[in-house]
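Top line first, the protein sequences correspond to chains A and B.
Note that the numbering used here gives residue 311 to position 294 of the first sequence, counting from 1, and the numbers run on in steps of one.
Note that the numbering used here gives residue 253 to position 247 of the second sequence, counting from 1, and the numbers run on in steps of one.
All C-beta atoms, glycine included, are put in the ideal place defined by N, C-alpha and C.
It should be emphasised that the depicted structure is a prediction, and the values quoted were computed from it without experimental measurement.
Report on the following structure.
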Amino acid sequence: MMTFVGKRILHLIPVLLGISILVFFLLHLIPGDPAMTLLGQEATPEEINRLREVLGLNEPLYIQLLVFLKNLALGDLGTSIFQDVSVLSLILTHLPATLELATLALLIALLIAIPLGIVSAVKQFSWVDYVSMFFAQLGVSMPVFWLGVLLIIGFSVNLNIFPSFGRGEPLVESILMTIQSGNLFYIIDSLKHLILPALTLGVMSAAIITRMVRSSMLEILNEDYVRTAEAKGVRSFWIIMKHAFRNALIPVITIVGLQFGNLMGGAIVTETVFGWPGIGRLIITAISQRDFPVVQGCVLAIALLFAFINLIVDILYAVINPKIKSN
Amino acid sequence: MEYNTEIINQTEIEIVNKKEPGRVRKFFSFISNSKSVLIGGVIVLIIIICALFAPVISTHDPYEMQMSDRLLEPMEKGHLLGTDHYGRDLFSRIVYGARVSLKVGMVSVSLSLLIGVILGLVAGYYGGWLDSIIMRIVDIVLSFPVLLLAIALVAALGPGIENVIIALGLVYWTNYARIVRANVMSLKEEEFIQAARTIGSNDFRIIFFNILPNCLAPIIVVGTLGIGIAIVAEATLSFLGLGIQPPESSWGWTLAFGMKFIRDAPHLSIYPGLAIMITVLGFNLLGDGVRDLTDSKLKRK
């Protein structure tokens with residue numbers, strides 16, 4: 018097991034290096050002189066020169082890359098052009114909101130997908146199956162932001178139940194405050210703000226995971242050992258839960274890990290729709306302000322997080338399914 | 007001798023005659039076997055017709071502003087889906103938007119197919135260090151959430167339809183490379199490839215004339231699904247203000263702009279989204295359907 022984990026971590030090193038190099042070259046994809054483009058038409062030559070100095074553009078390319086990688090290794094992601102704040106601190110203040118949103122979205126997705134996937138596999142070709150597959154197809158085809166807009170029209174504009182914009186207290190804090198004060202207001206307010214964005218973000222993942230659970234359950238329900246259990250007279254509920262679902266879970270875990278990347282991409286859009294103060298909104302604001310160090314830092318942070326989650330998923334996968342290790 | 011060849015020619019003609027109508031019928035029975043291919047195909051066809059004949063189908067000029075007719079409800083004053091903030095006809099804007107979506111979808115998928123198929127063929131056929139390098143690049147690209155990478159690329163390149171196409175093309179090729187590579191690796195060992203090599207075909211000939219045609223079915227399936235994915239990605243970029251710029255009519259931008267009037271004119275954000283969903287649904291159904299058909303054909307074999 019340890020050798021597997023070690024190998025997997027070694028495998029990660031060139032990928033991390035590749036991610037960093039790719040993010041470094043993003044700056045150089047900007048057409049023309051990046052400093053001039055970032056500052057716009059009105060910038061004076063002195064200002065442009067100062068920015069070139071800050072971005073290190075006056076050095077030869079390989080020096081720039083080495084400096085970038087060295088700073089990265091020291092945890093220095095540079096400084097925002099617009100505010101005099103380090104990019105790392107900006108990311109750290111915005112990341113919790115995104116993680117909260119993504120976690121709740123994934124929870125919603127699993128709560129919808131697992132029961133729906135199991136039922137449609139067990140009752141294949143029944144109306145439940147057709148209806149859930151129809152909704153899964155719609156969920157996959159629907160743009161995330163449109164679902165958000167529809168939810169706002171339904172629940173904020175017409176019914177006026179949930180707010181359409183912003184975030185309450187962080188969920189963890191609001192839970193603590195509720196416990197301390199005994200007042201449910203805090204937690205309800207947090208959840209009210211969370212529910213529409215989380216639902217928006219979770220539905221597409223729910224659709225993808227439902228399909229995955231269904232197809233992997235269908236495969237397993239045809240296995241010999243399920244038939245043996247049936248022949249022994251095991252109650253069908255236990256066959257489904259203990260014999261089939263546990264094994265069907267293995268491919269599902271991979272897809273859930275991959276969904277995290279999808280959720281982070283979707284979070285950028287969802288946060289824009291709902292004004293959620295997370296890392297996605299930070300990126301979009303930074304792009305519109307042409308604050309490129311912040312854009313680079315956010316992209317890097319999300320990619321590193323994604324790579325890390327994939328590492329954990331791979332290890333989990335090997336724990337559940339010992340066959341993987343030997344390969 | 008002459009007599010003989012005539013008979014042979016005649017039977018050949020008969021065989022050909024018998025085969026020809028069969029092929030057309032086969033095609034249609036192949037399609038009608040799958041409801042999703044049929045429904046998806048019809049949807050895609052309608053969208054293509056909308057894009058090609060946009061000037062005929064649209065009821066108004068999509069760019070003409072009519073300040074007296076601002077924010078009209080659907081069906082009001084002969085505007086099928088109402089008008090936007092500038093009094094432009096929403097239905098006509100959506101019809102013209104099909105052009106942008108299809109163009110971005112098809113061209114960006116062609117670009118990523120070009121990159122992905124060539125790299126996949128090379129990696130699968132030659133193996134070794136070339137394969138390692140190509141697959142490492144795939145790993146690196148895949149370690150970004152795809153949408154994030156597309157956003158980052160467009161942020162650097164700047165907005166506009168060409169840059170959106172380039173960004174999407176550069177982001178979505180990995181899937182094609184992996185699928186083609188896997189197919190090539192199994193095909194490489196087949197007898198007909200060995201035979202081609204024995205008669206002295208060079209690598210280029212083998213790759214493009216023997217291997218590539220045998221990978222076409224999965225390429226068509228993932229390409230069709232890819233168009234749907236690219237259309238959503240374009241709409242998303244445009245929604246975020248990073249993609250197609252006004253006055254060009256993109257569904258994503260129209261929706262984002264409509265959101266400003268979500269209380270007074272929700273139709274401005276409902277219908278463009280509906281257009282995106284139906285189009286993507288069409289490509290998804292078509293792709294899924296063709297995959298199911300080709301899969302079941304393989305199974306029957």
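Cα-Cα separation, residue i to residue j
| i | j | result |
| --- | --- | --- |
| Leu68/A | His91/B | 40 Å |
| Gly134/B | Pro151/B | 28 Å |
| Val17/A | Ser232/A | With chain A covering only 18 through 344, there is no way to say anything about residue 17/A. |
| Gly175/B | Ala162/B | 15 Å |
| Val161/A | Met191/B | 37 Å |
| Thr273/B | Gly165/A | The residue you asked about is not Thr; residue 273/B is His in the sequence shown. Going by the C-alpha atoms only, they are around 14 Å apart. |
| Leu125/B | Gly171/A | 47 Å |
| Gly250/A | Ala202/B | 57 Å |
| Leu218/A | Leu299/B | 32 Å |
| Arg306/B | Ile237/A | Any answer about Arg306/B is weak, because its pLDDT of 46 lies below 50 and its placement is not dependable; what the coordinates show is given next. So the alpha carbons of these two residues sit roughly 21 Å apart. |
| Phe210/B | Gly295/B | 33 Å |
| Leu82/A | Gly185/A | 41 Å |
| Ala215/A | Ala119/A | 7 Å |
| Ala183/B | Ala156/B | 18 Å |
| Ile199/B | Ile30/A | 37 Å |
C-beta neighbour in chain B for residue i, strict 8 Å
| i | result |
| --- | --- |
| Ala261/A | no |
| Ala8/A | With chain A covering 18 to 344 only, the question about residue 8/A has no answer from this structure. |
| Met159/A | yes |
| Trp35/A | It is worth fixing the name first, because residue 35/A is Gly in this sequence and not Trp. Yes, its Cβ sits closer than 8 Å to a Cβ of chain B. |
| Thr289/A | yes |
| Pro31/A | yes |
| Asn344/A | Its pLDDT being 48, under 50, Asn344/A is placed unreliably in this model, and the value from its coordinates should be taken loosely. No - not a single Cβ of chain B is within 8 Å of the one on Asn344/A. |
| Val286/A | yes |
| Ala119/A | no |
| Ala320/A | yes |
| Ile47/A | yes |
Within-8 Å CB hit, residue i to chain A
| i | result |
| --- | --- |
| Asn216/B | no |
| Arg306/B | Caution applies to Arg306/B, whose pLDDT of 46 falls short of 50 and renders its modelled position unreliable; the value that the coordinates give is listed next. No - not a single Cβ of chain A is within 8 Å of the one on Arg306/B. |
| Gly234/B | yes |
| Met141/B | no |
| Met283/B | yes |
| Phe210/B | no |
| Ala158/B | yes |
| Phe150/B | yes |
| Asp1/B | One cannot answer for residue 1/B here, as it falls past the ends of chain B, which runs 7 to 307. |
| Asp145/B | yes |
| Val228/B | no |
For residue i, the first and last residue of its enclosing alpha helix (DSSP H)
| i | result |
| --- | --- |
| Asp137/B | 134-148 |
| Asp241/A | 241-249 |
| Phe309/A | 309-337 |
| Gln251/B | Counting along the chain, Gln251/B falls outside any alpha helix (DSSP H), and DSSP gives it neither H nor E. |
| Ile192/A | 188-198 |
| His28/A | 19-46 |
| Glu236/A | 202-238 |
| Lys266/B | Neither: Lys266/B is in no alpha helix (DSSP H) and is coded neither H nor E. |
| Pro268/A | 263-291 |
| Arg4/B | Absent from the model: residue 4/B. The displayed extent of chain B is 7 to 307, so no value can be given. |
Closer than 7 Å: residue i CB and nearest the ligand HEM heavy atom
| i | result |
| --- | --- |
| Leu105/A | With respect to small molecules bound, the structure shown includes none, and the ligand HEM cannot be examined in it. |
Against chain A: residues of the stretch 264-280 of chain B by CB proximity under 9 Å: Listed by position, the residues of the stretch 264-280 of chain B near chain A (Cβ gap below 9 Å) are Gly264, Met265, Ile268, Arg269, Pro272, Ser275, Ile276, Pro278, Gly279, Leu280.
Does the stretch 214-227 of chain A come into contact with the stretch 268-281 of chain A, if we say contact requires no fewer than three beta-carbon pairs (one atom in each stretch) closer than 8 Å? The stretch 214-227 of chain A is in contact with the stretch 268-281 of chain A.
To be precise: take each residue of the stretch 143-154 of chain A, compare its Cβ to all Cβ atoms of chain B, and keep it if any distance is under 9 Å. Which residues remain? Cβ contacts with chain B come from Gln154.
Could you name the residues of the stretch 160-191 of chain B whose beta carbon sits closer than 8 Å to any beta carbon of chain A, in the order they occur along the chain? Within the stretch 160-191 of chain B, Ala161, Ala162, Leu163, Gly164 place their CB atoms closer than 8 Å to a CB of chain A, listed in sequence order.
Quick check: the stretch 222-237 of chain B against the stretch 270-289 of chain B, are there 3 or more CB pairs under 8 Å? As far as the Cβ criterion goes, the stretch 222-237 of chain B touches the stretch 270-289 of chain B, which means the pair count is three or higher.
May I ask you to list, following chain order, the residues of the stretch 265-281 of chain A that have a beta carbon less than 7 Å from some beta carbon of chain B? Taking 7 Å as the Cβ-Cβ cut-off against chain B, the residues of the stretch 265-281 of chain A that qualify are Gly278, Asn279, Met281.
Could you list the residues in the stretch 234-250 of chain B with a C-beta less than 8 Å from some C-beta on chain A, going in chain order? Against chain A - using a Cβ distance shorter than 8 Å - the residues of the stretch 234-250 of chain B are Gly234, Val238, Ala241, Thr242, Phe245, Leu246, Gly247, Leu248.
Determine which residues of the stretch 158-178 of chain A have a Cβ less than 9 Å from any Cβ of chain B, and write them out in chain order. Here the close residues are Ser158, Met159, Pro160, Val161, Phe162, Trp163, Leu164, Val166, Leu167, Ile169, Ile170, Ser173, Val174, Asn175.
Mind checking the stretch 324-341 of chain A against chain B and listing, in chain order, the residues whose C-beta falls within less than 8 Å of any C-beta there? The stretch 324-341 of chain A vs chain B, Cβ under 8 Å: Ala324, Asn327.
Taking three-plus beta-carbon pairs below 8 Å as touching, is the stretch 115-130 of chain B in contact with the stretch 217-232 of chain B? At 8 Å Cβ cutoff, the stretches touch.
Evaluate the contact criterion for the stretch 91-105 of chain A versus the stretch 258-275 of chain A: three or more CB pairs, one atom per stretch, below 8 Å. In short, these stretches do not touch, since the Cβ pair count stays below three.
When the Cβ atoms of the stretch 286-295 of chain A are set against those of the stretch 172-192 of chain A, are three or more pairs found closer than 8 Å? Short answer: they touch.
The stretch 294-305 of chain A: positions lying closer than 8 Å to chain B by Cβ: Of all residues in the stretch 294-305 of chain A, Ile300, Ile301, Ile304, Ser305 have a Cβ within less than 8 Å of some Cβ in chain B.
Give a yes or no on contact between the stretch 99-113 of chain A and the stretch 314-334 of chain A, applying the rule of three or more CB pairs nearer than 8 Å. Yes, since at least three Cβ pairs between the stretch 99-113 of chain A and the stretch 314-334 of chain A fall closer than 8 Å, the two stretches touch.
If we count Cβ pairs, one from each stretch, closer than 8 Å, do we get three or more for the stretch 236-252 of chain B versus the stretch 204-223 of chain B? No: fewer than three Cβ pairs fall under 8 Å.
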